[in-house]
Amino acid sequence: MANPTALTLHNKSRYLEIAFDDGASFNIPFELLRVYSPSAEVQGHGPGQETLQVGKRDVGITDLEPVGQYALKPIFTDGHASGLYTWQYLYDLGANLDARWHDYIGRLHAAGFFGDTGREPGAVLHGTDTHAHQGCGHRH
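Using my numbering, read the sequence shown as starting at 3 and increasing by one per residue.
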């Protein structure tokens, strides 16, 4: 498993730059980090329980908290702070960035969002209560 050697938050352009000891380096957009959060709030508790994240184009990161020697916990500007991003998960996101973007846009289109709609701040899935708690009901 590769370990990180450098980590830089680029807040103005909204991406995380991460380099690994195997020579790989990636620029991962904050939006992608947010919509693929490994948290139960986003991923659910099993296959098929994922929650499509919308309106995250302009999401920022206010802080990156280290978790031991194996992960980071980003604090996003939309209040999301429950995902633990292991080095392996960050490596996978970076290595598969194009496929992840394609999947994300495809899921937005399948939900009825086209073009950039759904990525724009304030976008809401049809039939959802924007004021309801979106979590799974317990703390993580």
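We put the beta carbon where it would ideally sit given N, CA and C, even for glycine.
{"Query": "Tell me the start and end of each unbroken beta strand (DSSP E) in the region 59-106 that is at least 3 residues and wholly inside, in chain order.", "Result": "63-69 and 73-78"}
{"Query": "Is it buried or exposed, residue 68, if we count other Cβ atoms within 10 angstroms and call 16 or more buried?", "Result": "exposed"}
{"Query": "Given that a residue counts as buried once 16 or more other Cβ atoms are within 10 Å of its Cβ, and exposed if not, what is residue 72?", "Result": "exposed"}
{"Query": "Between residue 56 and residue 115, what straight-line distance do the alpha-carbon atoms span, to the nearest angstrom?", "Result": "9 Å"}
{"Query": "Quick one: is the Cβ of residue 70 within less than 7 Å of any heavy atom of the ligand GDP?", "Result": "Within the structure as shown, the ligand GDP is missing, as the structure has no ligands at all."}
{"Query": "Mapping the DSSP letters down to three states, classify residue 118 as helix, strand or coil.", "Result": "coil"}
{"Query": "Can you tell which of 91, 79 and 24 has its C-alpha closest to the C-alpha of residue 58?", "Result": "79"}
{"Query": "Tell me the rounded alpha-carbon separation between residue 111 and residue 35.", "Result": "19 Å"}
{"Query": "Nearest CA to the CA of residue 4: which residue from 22, 64 and 18?", "Result": "22"}
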